[in-house]
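In what follows, a single structure is set out as structure tokens and then discussed.
Residue numbers (the numbering used here): 84 to 234.
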């Protein structure tokens, strides 16, 4: 077992502890450098998530989509990044694509429907009412289908 660490600081640190951009450690691993790479990718992806959220709240939907896409390039299946991307798509007026991403999230993890409806109720994501009603459509369609035993 080996260990490795990576600390990245600002070029002009304000004080000893401020200005740490990345502080990653792998204490016990057969491949600590590969594990650091994976953790750094995740850190950078979530930095994209944070930029996307900031861009959304500042009203820049295009920048939010771009930041979410950057994060998704490092963590392609990450649900939180996909969710913020859907919100950015909706904010940019592409409600069809946003609804499609949200339906995919709900199909994989049904609890996303509660989160999406909560965001919609608070005005944090804007979708046509029909799109909200279709969120559970794929799951309902699956449960409404008769099984082979019923036929």
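Backbone N, C-alpha and C fix where the C-beta goes; we use that ideal spot for every residue, glycine too.
This structure is a prediction, so every number in the text was calculated from the model and none was measured.
Determine, using beta carbons only, whether residue i and residue j come nearer to each other than 9 Å.
| i | j | result |
| --- | --- | --- |
| residue 202 | residue 170 | yes |
| residue 118 | residue 105 | no |
| residue 172 | residue 128 | no |
| residue 135 | residue 151 | yes |
| residue 235 | residue 158 | For residue 235 there is no data in the structure shown, the boundaries of the chain being 84 and 234. |
| residue 167 | residue 147 | yes |
| residue 116 | residue 94 | no |
From this set, the options, which residue's C-alpha is nearest residue i's C-alpha?
| i | options | result |
| --- | --- | --- |
| residue 140 | 207, 194, 151 | 207 |
| residue 161 | 191, 93, 113 | 191 |
| residue 177 | 107, 211, 90 | 211 |
| residue 120 | 111, 107, 130, 96 | 107 |
| residue 133 | 90, 92, 164 | 164 |
| residue 102 | 197, 112, 90, 205 | 90 |
Measure the beta-carbon distance from residue i to residue j and round it to whole angstroms, keeping in mind my assumption that it falls under 8 Å.
| i | j | result |
| --- | --- | --- |
| residue 144 | residue 182 | That pair is no contact at about 15 Å. |
| residue 215 | residue 200 | 7 Å |
| residue 153 | residue 131 | 4 Å |
What did DSSP end up calling residue i once you bin it into helix, strand or coil?
| i | result |
| --- | --- |
| residue 124 | helix |
| residue 229 | Model confidence at residue 229 stands at a pLDDT of 43, short of 50, so the residue's coordinates are unreliable; what they give is reported in the following sentence. Looking at residue 229 - three-state DSSP - the assignment turns out to be coil, as it is neither helix nor strand. |
| residue 88 | strand |
Where in the region 153-189 do unbroken runs of the alpha helix (DSSP H), each at least 4 residues long, occur, reported from the N-terminal end onward? 162-174
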